[in-house]
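Read through the structure below, which is laid out as C-alpha cells, and then see the notes.
Number of protein chains: 2
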Amino acid sequence: MRGRQVQLLRYPEGKVRPEDFQVVQAPVERPAADEVLVRNTWCSVDPGMRLQMRPAGPAGYFPAFELDAPLGGMAVGEVVESRSAHFAPGDVVVHAHGWRDYAVVTVSGEALRGIGTLRRVDTSLAPPQAYLGVLGGPGLTAYAGLLHVAGLREGDVVWVSAAAGAVGSLAVQIARLKGHRVIGSTGSDEKVAMLRDELGLDAAFNHRAGAVADQLRRAAPDGIDVYFDNVGGDHLEAALGSLRRWGRVAICGAVSEYEGTGAPTGIRNLFQAVANDLTLRGFRGSSYVEHRSAFERDVAGWLRDGRIRYRETVVDGLEHAPDAIVGQLAGATTGKVLVRVGRGR
Amino acid sequence: MRGRQVQLLRYPEGKVRPEDFQVVQAPVERPAADEVLVRNTWCSVDPGMRLQMRPAGPAGYFPAFELDAPLGGMAVGEVVESRSAHFAPGDVVVHAHGWRDYAVVTVSGEALRGIGTLRRVDTSLAPPQAYLGVLGGPGLTAYAGLLHVAGLREGDVVWVSAAAGAVGSLAVQIARLKGHRVIGSTGSDEKVAMLRDELGLDAAFNHRAGAVADQLRRAAPDGIDVYFDNVGGDHLEAALGSLRRWGRVAICGAVSEYEGTGAPTGIRNLFQAVANDLTLRGFRGSSYVEHRSAFERDVAGWLRDGRIRYRETVVDGLEHAPDAIVGQLAGATTGKVLVRVGRGR
Numbered sequence: 016m017r018g019r020q021v022q023l024l025r026y027p028e029g030k031v032r033p034e035d036f037q038v039v040q041a042p043v044e045r046p047a048a049d050e051v052l053v054r055n056t057w058c059s060v061d062p063g064m065r066l067q068m069r070p071a072g073p074a075g076y077f078p079a080f081e082l083d084a085p086l087g088g089m090a091v092g093e094v095v096e097s098r099s100a101h102f103a104p105g106d107v108v109v110h111a112h113g114w115r116d117y118a119v120v121t122v123s124g125e126a127l128r129g130i131g132t133l134r135r136v137d138t139s140l141a142p143p144q145a146y147l148g149v150l151g152g153p154g155l156t157a158y159a160g161l162l163h164v165a166g167l168r169e170g171d172v173v174w175v176s177a178a179a180g181a182v183g184s185l186a187v188q189i190a191r192l193k194g195h196r197v198i199g200s201t202g203s204d205e206k207v208a209m210l211r212d213e214l215g216l217d218a219a220f221n222h223r224a225g226a227v228a229d230q231l232r233r234a235a236p237d238g239i240d241v242y243f244d245n246v247g248g249d250h251l252e253a254a255l256g257s258l259r260r261w262g263r264v265a266i267c268g269a270v271s272e273y274e275g276t277g278a279p280t281g282i283r284n285l286f287q288a289v290a291n292d293l294t295l296r297g298f299r300g301s302s303y304v305e306h307r308s309a310f311e312r313d314v315a316g317w318l319r320d321g322r323i324r325y326r327e328t329v330v331d332g333l334e335h336a337p338d339a340i341v342g343q344l345a346g347a348t349t350g351k352v353l354v355r356v357g358r359g360r
Numbered sequence: 016m017r018g019r020q021v022q023l024l025r026y027p028e029g030k031v032r033p034e035d036f037q038v039v040q041a042p043v044e045r046p047a048a049d050e051v052l053v054r055n056t057w058c059s060v061d062p063g064m065r066l067q068m069r070p071a072g073p074a075g076y077f078p079a080f081e082l083d084a085p086l087g088g089m090a091v092g093e094v095v096e097s098r099s100a101h102f103a104p105g106d107v108v109v110h111a112h113g114w115r116d117y118a119v120v121t122v123s124g125e126a127l128r129g130i131g132t133l134r135r136v137d138t139s140l141a142p143p144q145a146y147l148g149v150l151g152g153p154g155l156t157a158y159a160g161l162l163h164v165a166g167l168r169e170g171d172v173v174w175v176s177a178a179a180g181a182v183g184s185l186a187v188q189i190a191r192l193k194g195h196r197v198i199g200s201t202g203s204d205e206k207v208a209m210l211r212d213e214l215g216l217d218a219a220f221n222h223r224a225g226a227v228a229d230q231l232r233r234a235a236p237d238g239i240d241v242y243f244d245n246v247g248g249d250h251l252e253a254a255l256g257s258l259r260r261w262g263r264v265a266i267c268g269a270v271s272e273y274e275g276t277g278a279p280t281g282i283r284n285l286f287q288a289v290a291n292d293l294t295l296r297g298f299r300g301s302s303y304v305e306h307r308s309a310f311e312r313d314v315a316g317w318l319r320d321g322r323i324r325y326r327e328t329v330v331d332g333l334e335h336a337p338d339a340i341v342g343q344l345a346g347a348t349t350g351k352v353l354v355r356v357g358r359g360r
C-alpha cells in the first residue's frame, strides 16, 4: 500500500512558498507491536509549524522538520489496523503525524495516561475535525492561556490579537461569556466586522489600518489588564504601553516574527513591566494538558448551549496543504485552518 | 534658617554629568500641622533616579524631577521639629525627600499604617544608613524579588546581574544561604573577586570581559532557572537563552538602558518564553511593602548571625551627590551608594 505525504524541500528564507514543498507517494509501513495504523481524514495547519521549517528554531521548541521526510502537525483519522489492546479499527483518533494519508503511530505510555498526543475522541460531542480546533490544541491553548496563564480576574479588560484565528476567536468568546470587556484585533475589515457582529466584541480593529498602539488606545482609553498575544512585535509593544498596574500578558505566539529574516526588531519598552508590576508569561498549550478534562467539559457545554461558535477555513486535498499554510501566515484565513485529506468520510 | 539642596538644571541627554546639577542654599520652611522637619544625615543614590531625570520617563513610574527644584530620593535623618503626635524630636526616620540638608515631611495616613515612605527606624538593630540599603528599599527589593516575584524553588540555579550592587549583593546572598547554586555578574574584575571570595558565589563573571551569553553559558552549562535582572539588554537576552523550562525572571531594573539616547535596541528573543514556558515579572520593591516585617526580621537576623554582609560606597558632602550618581551609573561603585550629608552624627 502506498500513500501521499507532504515533504519540505528546503528551509524557506522569509515567506514560505508552495514550491518549498512536494507531495510524494511513499510506501505505507505496517504497524508493529504497540502501534496503530491511522488513515488521516483531517490535517491541522498551524502557524507555529513555520518555526519548525527552520534548520534551528527557538531552543526548547518543537524540533525542526526534516527535509525530504513527511511533515508533522496534528491530524484526525481513523484506526485501520491496530497492534495495541487499547485501540481498535474504527476508532477516531487525534495524533501528531499529519500532512500524509496514512500514519503509523506508537501507543506510548503517555497516550495511555491521556497526556500524549495520540488519543481517541468522542465524535458524538462534535465532528472529528473540531478536535483539531475548538476542542483540540488551539482550544486548550485559548482556555488555559486565558484562565491559567493570564489568570483572568473579575473586571479585567482583555485584548486578544489575531482574534479571528483558531486560538484568538475562542479566547475572545471565553472572556466575553465571563463578563469581561474584550477588544479584538485582526488583519482585515471583514474579520473586524465578524468580531463585532458575530462574536459580539466590545471593540475590534484592523491592525493594518494604522499604528497598533494608537488603535488600541482608542479602543481602550483607560488601558487594559490582560493581553493575549499571538502576534508579538508592535502588538506586544502596544500592550506594554496600555497595560495597567498588575497587568498580565499570556504570550502564545509571535506570528509577526515567524517569516522575518534575521533577528526580529525586539521589544523596546519592556521596562513598562517594571514601572507597572506587569507579568509576561510565555506558554505552550501542550504544557497545560492537566486542564484538558475541565476544558473539554466547559467548551463542549458552551458549544452545546450556543454560547460559543467557531469558524473553519477548509482546503480540500492534501496536495493543497502548502497553499493553506501560505495563506494562513499571510493572514488570509479565518478560524481553524484545516486540510480535508480527500479520502476521509 | 537656610539649607543646601541639590537641583537638576536640565534633563541630560545620554550620560549624566556633574554640570547637570547645582547645589544651592534655600530657606528651610517650618513644619505645618501633621508635618515634621527632618535634618538629613544620609542620602541614598539609586540608579532608578536616572529615569526621573527625563521630561517623560516610563509611564506609570515615579514622576520626573522638576528642574530648579530639590531632587527627591530616599534619605535618613533626625526629626528636629514635630507637628505630629506620632513623631518626636530625636526620632531617626527614613523618608523620600533626600538630596537636601533639611526636609519638611508630611505624616500621611500611609505613614501611620507603616506602608508610606516616612517611617521611624530602629538604630539598635543597625546603623541609620543601613535603612537606605540592606534594611531599606534595596533590601526589600532583593528579598521580595527573589522570594515573591521570582518565586525561588528548591534546586533553582540563580543568576543575578549587577551582583555587587546594593540590591544584587543581597539577592545573591539570600539565594546562597537558601542553598542555591548562584552565579553573579558585575562590571569589574575586582568586583568579580569580591563576589567569589567574600560572598562565596559558585561562579561570577565580568560582563565587560566578553559576550554575556557566552560567559553565562560557561558559568551555567546546564542552564538557569531564575534570573534576577538589574541590567536588561544583552543580559536579559542571555538569560532568555539559558533559562530552562518553567524558568522565571524578576525584572528589577534595566540600567543598561538608562543612559541610552533614543529607544533601546529591544529584546529580540522573547519567543524563548513561549518555547520554554517562562515567566517574566517586572516589579518595584515598593509594591511589596506588605512583606517588610518578614523581610526586616529575616535580614536583621542574618546580619546578626553574620550570614550576610554588605558594602557601602560613601561620598562625603551633599555637594558631591552628583558625582556619586555619575559614578554609580558608570559602574564604578560597589554596594550601597550613600551621601553622608555632612552635619550628621
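Just so you know, the protein sequences line up as chains A and B, in that order. In terms of the working numbering, the first sequence opens at residue 16 and continues consecutively. In terms of the working numbering, the second sequence opens at residue 16 and continues consecutively. Where is the CB? At the ideal position from N, CA and C, for every residue including glycine.
What does residue 58 of chain B reach in chain A if we use C-beta pairs closer than 8 Å?
For residue 58 of chain B, no chain A residue has a Cβ inside 8 Å of its Cβ, as the nearest lies near 23 Å away.
Residues of the segment 283-298 of chain A with a CB closer than 8 Å to any CB of chain B: list them in chain order, please.
Here the close residues are 283, 284, 285, 286, 287, 288, 289, 290, 291, 292, 293, 294, 295, 296, 297, 298.
Since residue 84 of chain B contacts residue 112 of chain B with CB under 8 Å, what's their CB separation in whole angstroms?
Actually they do not touch by this definition, with Cβ atoms about 11 Å apart.
For residue 71 of chain B, which option in B/28, B/53, B/341, B/48 has the closest C-alpha, if you only look at C-alpha atoms?
The shortest C-alpha to C-alpha distance from residue 71 of chain B to any of B/28, B/53, B/341, B/48 is the one to B/28.
If you draw a straight line from the alpha carbon of residue 355 of chain B to that of residue 199 of chain B, how long is it in whole angstroms?
Between residue 355 of chain B and residue 199 of chain B, the alpha-carbon positions lie close to 29 Å from each other.
Hey, is residue 183 of chain A's beta-carbon within less than 9 Å of any beta-carbon in chain B?
No, because no Cβ of chain B sits closer than 9 Å to the Cβ of residue 183 of chain A.
Strictly below 7 Å CB to CB, what residues from chain A border residue 62 of chain B?
For residue 62 of chain B, there are no C-beta contacts with chain A under 7 Å, since the nearest C-beta of that chain is about 12 Å from it.
Where the beta strand (DSSP E) containing residue 97 of chain B begins and where it ends
Note, residue 97 of chain B: beta strand (DSSP E), 90-97.
In angstroms with no decimal places, state the Cα-to-Cα distance between residue 336 of chain A and residue 154 of chain A.
The alpha-carbon atoms of residue 336 of chain A and residue 154 of chain A are separated by roughly 21 Å.
Rounded C-beta distance between residue 361 of chain A and residue 78 of chain B? I'm assuming under 8 Å.
Look at the range of chain A in this structure, 16 to 360, and you will see that residue 361 of chain A is not part of it.
To the nearest angstrom, how far is it from the Cα of residue 332 of chain B to the Cα of residue 53 of chain B?
Each residue's Cα considered, the two are about 17 Å apart.
Unbroken stretches of the beta strand (DSSP E), 3 residues or longer, contained in the segment 35-101 of chain A
Within the segment 35-101 of chain A, the complete beta strand (DSSP E) runs of at least 3 residues fall at 36-42, 50-60, 90-97.
Give me whichever residues DSSP pairs with residue 327 of chain A in a beta bridge.
According to DSSP, residue 327 of chain A bridges with A/351.
Enumerate in chain order the residues of its own chain whose CB-to-CB distance from residue 23 of chain B is below 7 Å, with the five nearest sequence positions on each side excluded.
Closer than 7 Å at the Cβ level, and outside the excluded window around residue 23 of chain B, lie 35, 36, 68, 80, 82, 86.
Does residue 251 of chain B get closer than 9 Å to chain A when you measure Cβ to Cβ?
Yes, contact with chain A.
What distance in whole Å lies between the Cβ atoms of residue 258 of chain A and residue 238 of chain A, which are believed to be in contact at a cut-off of 8 Å?
About 7 Å separates the beta carbons of residue 238 of chain A and residue 258 of chain A, which is inside the 8 Å limit, making them a contact pair.
Find the nearest neighbour of residue 347 of chain A within the set A/261, A/201, A/235, A/275, judged by alpha-carbon distance.
Here the closest residue by C-alpha is A/201.
Would a check of beta-carbon distances place residue 317 of chain A closer than 9 Å to chain B?
Using a Cβ-Cβ cut-off of 9 Å, residue 317 of chain A does not count as an interface residue toward chain B, since no Cβ of chain B sits closer than that to its own.
Counting contacts by CB-CB distance shorter than 9 Å, is residue 302 of chain A in contact with chain B?
So yes, residue 302 of chain A belongs to the interface.
Three-state secondary structure (DSSP) at residue 165 of chain B?
DSSP places residue 165 of chain B in coil when its eight states are reduced to three.
Could you tell me whether the Cβ atoms of residue 118 of chain A and residue 92 of chain A are closer together than 9 Å?
Cβ atoms of residue 118 of chain A and residue 92 of chain A: closer than 9 Å.
Short CB-CB distance (under 9 Å) between residue 360 of chain B and chain A:
Interpretation of residue 360 of chain B is limited by its pLDDT of 33, a score under 50 that renders its predicted location unreliable; no figure is taken from the coordinates.
Report the residue from B/220, B/181, B/279 whose alpha carbon sits nearest the alpha carbon of residue 343 of chain B.
Taking only the C-alpha atoms, the option nearest residue 343 of chain B is B/181.
Across which residues does DSSP place residue 134 of chain A in a beta bridge pair?
The partner list for residue 134 of chain A (beta bridge, DSSP) reads A/109.
Within 10 angstroms of its Cβ, does residue 39 of chain A collect 16 or more other Cβ (buried), or is it exposed?
The residue is exposed, with fewer than 16 neighbouring Cβ atoms inside 10 Å.
Cβ atoms of residue 126 of chain A and residue 101 of chain A: under 9 Å apart, would you say?
The answer is yes: Cβ separation under 9 Å.
Does residue 26 of chain B have its Cβ less than 9 Å from a Cβ in chain A?
With its beta carbon at least 9 Å from every one in chain A, residue 26 of chain B lies outside the interface.
Looking at the structure shown, is residue 174 of chain B part of a helix, part of a strand, or coil, going by DSSP?
If DSSP states are grouped into helix, strand and coil, residue 174 of chain B belongs with the strands.
Within 9 Å of any Cβ in chain A, is that where the Cβ of residue 73 of chain B sits?
Yes - at least one Cβ of chain A is within 9 Å of the one on residue 73 of chain B.
For residue 197 of chain B, list the residues DSSP reports as bridge partners.
Residue 197 of chain B is bridged to B/173.
Within-9 Å CB hit, residue 375 of chain B to chain A:
Only positions 16 to 360 of chain B appear in this structure, which leaves residue 375 of chain B out of reach.
Spatial neighbours of residue 295 of chain A within its chain, please: C-beta separation below 7 Å, excluding the five flanking residues on both sides.
These residues qualify, in order along the chain: 264, 266, 288.
So with CB distances below 8 Å, who are the chain B contacts of residue 280 of chain A?
Neighbours of residue 280 of chain A in chain B, taken as residues at a C-beta separation under 8 Å, are given in chain order as 281, 283.
Comparing alpha-carbon positions, which option in A/50, A/122, A/174, A/303 lies nearest residue 216 of chain A?
Distances from the alpha-carbon of residue 216 of chain A to those of A/50, A/122, A/174, A/303 put A/174 closest.
Using a Cβ-Cβ cut-off of 8 Å (strictly less than) and excluding sequence neighbours within five positions of residue 98 of chain A, which residues of its own chain qualify?
Result list for residue 98 of chain A: 46, 47, 48, 49, 50, 51, in chain order.
Three-state class that DSSP yields for residue 25 of chain A in the structure shown
Note: residue 25 of chain A maps to coil in three-state DSSP.
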